[in-house]
Structure formats: structure tokens, C-alpha cells
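Peer 1:
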Amino acid sequence: DTVPEERLFNVAFGHFLPDVSLVAITVGNVPFSLREAQHHSFKIYETPFSNGTKAFILEVSFDDPYVLKEVGYGRSLQQQSGGDGAVPLQNMVQLLLTNHSSSIIKVSMKVPEAVGSCDEENLYLTLPTFGLHQYWDLYLGNKLLTRHLALTNGYLAATNSTHLILQIPLFAGGLIYEEVSFQKIKARFDVALRKVRTMETLQMFSISCSFNSSAFIICHPDGTIMVSAQMKTVPAIDMSKTKLRDSSCKPREYNEAHAFFKFHVTTCGTSVRFEGDHIIYENEISYEKETLPGQSIPTITRDPDYRLTVLCYYQAKESLVLGAFSSDPVTSPPFGSGMMSPRSNTAVYRRIRQTLNAVSRVSKDESFMVFYGPGTTILKQPMEPVFLEVELKDESPNVELHLENCWVTGSPDFNNTPRWNITVDGQVVLNVNELIS
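For the sequence shown, the positions run 1 to 437 when the UniProt record's numbering is used.
#1: Given a cut-off of 8 Å on the beta-carbon distance, is the pair Tyr177 and Ile168 in contact?
#2: Only counting runs of 3 or more residues, tell me where the beta strand (DSSP E) segments fall wholly within the stretch 107-193, in order along the chain.
#3: Comparing alpha-carbon positions, which option in Tyr254, Ser181, Thr376 lies nearest Lys243?
#4: Take Asn10 as the anchor and find which of Phe211, Gly276, Ser33, Glu46 has the nearest alpha-carbon.
#5: Taking the beta strand (DSSP E) that His39 belongs to, which residues open and close that run?
#6: Could you tell me whether the Cβ atoms of Met239 and His258 are closer together than 8 Å?
#7: Taking all protein chains shown into account, do 16 or more other C-beta atoms lie within 10 angstroms of the C-beta of Val370, making it buried, or fewer, making it exposed?
#8: Taking all protein chains shown into account, do 16 or more other C-beta atoms lie within 10 angstroms of the C-beta of Asp119, making it buried, or fewer, making it exposed?
#9: Would you kindly work out how many angstroms separate the C-alpha atoms of Leu132 and Ser363, rounded to a whole number?
#10: Using only the alpha-carbon positions, how far apart do Glu6 and Val111 sit?
#11: If we call anything under 8 Å between Cβ atoms a contact, is Phe189 one with Leu123?
#12: Since I believe Lys250 is in contact with Met226 (beta carbons under 8 Å), could you give me their beta-carbon distance rounded to a whole number of angstroms?
#13: Taking the beta strand (DSSP E) that Gly14 falls in, what are its first and last residues?
#14: Check whether the Cβ of Thr376 sits closer than 7 Å to any heavy atom of the ligand SAM, and report yes or no.
#15: Pick helix, strand or coil for Met239, following the three-state DSSP scheme.
#16: Terminal residues of the continuous beta strand (DSSP E) containing Thr417?
#17: Taking the alpha-carbon of Leu403 as reference, which of Asp413, Ser411, Gly410, Leu392 has the nearest alpha-carbon?
#18: Spatial neighbours of His15 within its chain, please: C-beta separation below 8 Å, excluding the five flanking residues on both sides.
#19: Expressed to the nearest angstrom, what Euclidean distance is found between the alpha-carbon atoms of Cys268 and Asp222?
#20: Between the C-alpha atoms of Phe13 and Tyr135, what's the straight-line distance to the nearest angstrom?
#21: Check the DSSP bridge columns for Pro31 and list the partner residues they point to.
#22: Let me make sure I understand the geometry here. Which of Val196, Ile217, Phe182, Lys143 has the alpha-carbon closest to that of Ser210?
#23: Measure from the alpha carbon of Thr270 to the alpha carbon of each residue in Arg245, Ser411, Gly426, then state which is nearest.
#24: Between the Cα of Cys406 and those of Asn398, Glu400, Gln427, spot the shortest distance and give me the residue it belongs to.
#25: Measuring straight from C-alpha to C-alpha, what distance separates Tyr155 and Asn142?
#26: Counting only runs that start and end within the stretch 201-282, where is the beta strand (DSSP E) found for 3 or more residues in a row?
#27: Within a Cβ cutoff of 7 Å, which residues of the same chain sit near Glu200, ignoring the five residues on either side of it in sequence?
#28: Mind checking Met365: buried by the 16 CB within 10 Å criterion, or exposed?
#29: Suppose contacts are defined by Cβ-Cβ distances below 8 Å. Is Val310 in contact with Ile285 by that definition?
#30: List the DSSP bridge partners of Pro374.
#31: For the putative contact between Val191 and Phe171, defined by C-beta atoms under 8 Å, what is the C-beta separation to the nearest angstrom?
#32: Give the DSSP-derived three-state secondary structure of Lys364 in the structure shown.
#33: May I ask you to list the residues that DSSP assigns as paired with Met392?
#34: Please state if the CB of Leu34 and the CB of Pro24 are separated by a distance shorter than 8 Å.
#35: To which residues of the same chain is Asn212 closer than 7 Å at the C-beta, ignoring the five residues directly before and after it?
#36: For Leu311, does the three-state DSSP call read helix, strand or coil?
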């Protein structure tokens with residue numbers, strides 16, 4: 001009797017004799033006593049029949065967290081109240097265990113469409129809020145686009161009763177620069193619409209615009225730095241004679257007012273240092289002065305000083321979001337527990353004759369600011385995300401952290417099977433829906 005417009009599952013269990021009473025139900029593989037079910041806002045009531053028997057009616061909202069939600073092919077939403085549900089019933093003499101399952105209800109639901117626009121300094125993305133965070137989420141690369149990530153990247157987010165509006169400044173984090181010169185910058189912003197449960201990509205939203213900017217610094221994720229330096233000296237200088245710390249690194253383009261440089265962080269005399277959670281790369285643009293020999297003073301020049309410091313800040317930490325789901329939901333417990341354990345590579349330690357200070361932790365949320373203590377058993381519901389962090393605390397510039405092999409098992413035993421592989425030989429395993437036996 002489920003009516004999709006009412007957004008309620010309405011399931012009848014029966015016929016039963018009058019002396020049978022309902023003891024417990026199971027929804028989404030989670031058992032509930034009658035009192036727990038009513039406290040959870042499940043509606044359970046009896047309905048009599050003319051032949052003296054009765055049935056039990058269970059009502060569950062489509063929006064209940066224990067209802068499994070899937071966006072199927074054809075862009076329709078499929079919802080299921082957890083598959084087979086065990087409904088224990090009892091009477092005066094014996095205990096009866098009766099299995100019932102609710103039917104799958106398909107509800108027509110259109111995947112939202114986004115609208116993009118630009119002004120002189122920003123890109124804008126507007127999309128409906130219906131279903132957001134309930135059926136689908138927005139991802140920037142492999143990162144869930146949360147309010148914290150938006151603020152960190154410099155985005156402005158505003159919502160009303162129907163829509164979410166994202167304002168992305170030209171030089172904010174997460175932009176892709178398709179074309180860069182001192183005449184034009186072509187920037188693109190990509191976000192993916194993914195299912196909440198399986199992280200399957202349903203839609204890619206992309207905004208691309210061209211901007212005019214006279215002076216800028218762009219730090220690419222791959223370590224490429226692009227700088228447009230502006231001439232602001234009196235008297236004027238020849239911008240073609242500007243250079244980086246390595247005097248062989250000259251501007252790629254120039255005119256009377258600008259010089260455009262493009263170089264990698266490992267070239268042109270670029271230095272590196274660590275400050276807190278950031279890696280900072282530094283270089284300097286300067287002008288080669290023309291000098292004349294003097295008598296009492298070694299050199300004479302009419303050229304002014306020109307120095308421009310270039311700094312690029314990179315996050316020393318990065319989050320990668322992956323999803324994995326067991327193919328055996330019938331035996332899945334309502335809660336799972338576990339802890340994170342690093343395995344030391346002692347052979348490598350013997351070769352380099354030092355112990356690396358590497359720490360693995362589990363964060364309480366996506367901000368990675370508050371962590372569980374060492375050895376803490378962490379309880380999670382099946383659909384709750386787990387935020388893992390591996391950090392190298394060694395500040396030596398010659399040491400880098402590579403997460404070679406990372407996996408999830410059912411026990412602290414490293415050789416336990418089955419398991420989910422997250423990284424293998426340093427490569428991220430994007431398809432983690434299957435268990436490795």
C-alpha cells in the first residue's frame with residue numbers, strides 16, 4: 001500500500017491469530033524492539049479482519065536513515081526498506097519467526113542541473129538543494145565539498161529555500177587553469193555529483209570563463225608556478241631583462257608593462273621550507289641593472305631596484321575519499337568497530353639506519369582537527385565515513401611519505417582476509433566495492 005507521493009513505506013504483515021503479538025522488527029538489517037521502533041518514529045499498529053485474524057502495519061519514511069537509497073539507471077531514485085526483514089512474533093504458546101520483505105518503490109527523481117556564470121573576478125555555480133546530502137553529494141576532485149573545504153579554498157556559499165550558490169574567486173583553490181598569459185587567463189571549475197551511498201558519479205558540472213588580470217601568481221598542484229610581474233618603477237625598466245634567482249630563467253612573454261614567468265618548483269633556484277601544515281616554495285624576480293664604471297664608486301647605474309618575491313603555499317596534508325560496501329548485507333552488524341594500525345618496514349629502517357617518525361590516526365570528522373586516541377576502539381554505523389590520516393613528522397627535506405599499501409580488514413591481523421584494498425604499490429584503488437579474499 002505504499003504511496004510514493006506520501007514518501008512513506010506502508011507494509012502489512014499478516015494474517016495472524018488474535019493472540020499473536022509483535023516483539024521486534026528489523027529495518028535495514030538493524031533490529032529494533034517495539035519500544036525502540038516507536039522511539040525511532042516508526043509507526044506500528046494493528047488492523048483487524050472480518051475473519052477474526054489481524055495484521056501488523058509498519059510505516060517507514062523514505063527519508064529514514066535506515067532506508068537504503070539508490071539512484072538507478074534512467075535517473076530514477078530507487079528506495080528499499082532494507083530488503084528481508086525478520087519480524088519476530090509471539091503468542092501464548094510458542095515463538096514464531098516470520099520473514100517479510102518490503103517491495104522496492106521507484107520514485108521519479110530528476111538529477112539536478114547546475115547553472116554556471118561569471119563576472120570580472122569570480123565564477124558562480126547554482127544548483128537545486130533538493131536531494132543534496134540525502135541522495136547525492138558534490139565532490140571537488142576526490143574531496144567531499146563541505147562547508148569547511150569551501151572556506152579553506154576561499155569559496156563563498158549561500159543557500160535559500162531552493163538553491164545553493166557557490167562563488168569561486170579567480171585565484172581560489174581547486175580551479176583548473178586551461179590557458180594562462182599576461183593577456184588572458186582561462187579558468188575552469190569542475191565538481192562531480194555523486195551518490196551518497198556508492199559514490200558513483202552521476203553528473204559532472206563544469207564552468208569555464210576567460211579573465212583579464214594584469215598581475216598574478218598561480219601555483220599548480222603539479223608544482224608549476226606561473227607569475228605575471230607588473231612594472232611599477234620610476235624610471236621604467238626593460239621587463240625583458242627581468243630574471244629569477246637562476247639568471248638563465250628569463251620571462252616567457254613580456255611587454256613594456258609586464259613579464260610572464262613559468263617554472264617548476266624544482267628549478268630556477270627555487271627554495272623550499274616547511275611551516276606548520278604547509279610546504280612553502282620561494283623564488284624572486286629581479287632586474288639586471290646596466291652599470292657603468294666609476295672612479296671612487298665601483299659601479300654607477302640609473303636603473304631602479306626591482307625585486308618581487310614569489311611564494312607558493314602547498315598543503316602538506318591531503319584527504320582522499322573512497323567508499324567500500326560489503327556484498328553480504330544480511331550478516332552485517334548494525335555497528336562496526338576497529339582501529340588503525342601502521343606496519344613498520346624494518347628492512348628499510350635498517351638500510352637507512354634511522355627510524356622515521358610516521359603517525360597514523362583516525363579523525364572524528366572531515367576537518368582532521370580532532371582525533372581518536374591511540375588504541376581506541378571506534379564504533380561506526382555501516383554508512384558512516386571513516387577519516388584516516390598518515391602523517392610524516394620527520395622534517396628532513398630529503399624524506400618523503402608515500403603510502404604504498406593500505407587496506408581494511410575485519411581484525412588487527414595484517415594477513416586477515418577478506419580485505420578492501422585502498423592503495424596498492426602506491427596507486428589508489430578507485431574500485432573498492434569488492435572484497436579481496
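Each residue gets a CB set at the ideal place from its N, CA and C atoms; glycine is no exception. Quick caveat, the model's predicted, so the values are computed rather than measured.
Peer 2: Straight from the coordinates:
#1: 8 Å or more divides the Cβ of Tyr177 from the Cβ of Ile168.
#2: Within the stretch 107-193, the runs of beta strand (DSSP E) at least 3 residues long that lie entirely inside it are, in chain order, 115-118, 122-128, 136-140, 156-159, 163-169, 176-180.
#3: It is Tyr254 whose Cα lies nearest to the Cα of Lys243.
#4: Of Phe211, Gly276, Ser33, Glu46, the residue nearest in Cα terms is Glu46.
#5: From DSSP, His39 is part of no beta strand (DSSP E) but of the alpha helix (DSSP H) over 34-39.
#6: Their beta carbons are under 8 Å apart, which means Met239 touches His258 by this criterion.
#7: It counts as exposed.
#8: Around the Cβ of Asp119, a 10 Å sphere holds fewer than 16 other Cβ atoms; the residue is exposed.
#9: Those two C-alpha atoms are separated by around 24 Å.
#10: Their backbone Cα atoms lie some 20 Å apart in a straight line.
#11: Contact flag set, yes.
#12: In fact, because the Cβ distance is near 15 Å, the residues do not count as touching under 8 Å.
#13: Annotation for Gly14: the continuous beta strand (DSSP E) segment containing it runs 8-16.
#14: Of ligands this structure carries none, so the ligand SAM is not represented either.
#15: For Met239, the three-state secondary structure derived from DSSP is helix.
#16: Element bounds for Thr417: n/a, residue is neither H nor E.
#17: The option with the nearest alpha carbon to Leu403 is Leu392.
#18: Here the set comprises Phe49, Asn51, Thr53, Lys54, Ala55.
#19: If I take the Cα positions, the gap works out to 16 Å.
#20: Rounded to whole angstroms, Phe13 to Tyr135 spans 29 Å at the Cα level.
#21: Paired residues: Thr26.
#22: Minimum Cα distance to Ser210 is reached at Phe182.
#23: Comparing Cα-Cα distances from Thr270 to each of Arg245, Ser411, Gly426, the minimum goes to Arg245.
#24: The alpha carbon of Cys406 has as its nearest neighbour, out of Asn398, Glu400, Gln427, the alpha carbon of Gln427.
#25: Distance from the CA of Tyr155 to the CA of Asn142, rounded to the nearest whole angstrom, comes to 17 Å.
#26: The DSSP assignment places 201-211, 216-219, 224-230, 258-264, 271-275 as complete runs of the beta strand (DSSP E) inside the stretch 201-282, in order along the chain (cut-off: 3 residues).
#27: Excluding positions up to five away in sequence, the list reads Arg194.
#28: The sequence given here places Asp at residue 365; Met does not occur at that position. The Cβ neighbour count for Asp365, taken over all protein chains shown within 10 Å, is under 16; the residue is labelled exposed.
#29: Contact: yes.
#30: BP columns for Pro374 are empty, so no partner.
#31: That pair is no contact at about 18 Å.
#32: Of the three classes helix, strand and coil, the one that applies to Lys364 here is coil, per DSSP.
#33: Correcting the residue identity first, residue 392 is Leu in this sequence and not Met. Answer by DSSP bridge pairing, in chain order: Ala358.
#34: For the sequence presented, residue 24 should be read as Ala rather than Pro. The answer is yes: Cβ separation under 8 Å.
#35: These residues qualify, in order along the chain: Lys184.
#36: Under the three-state reduction of DSSP output, Leu311 falls in the strand class.
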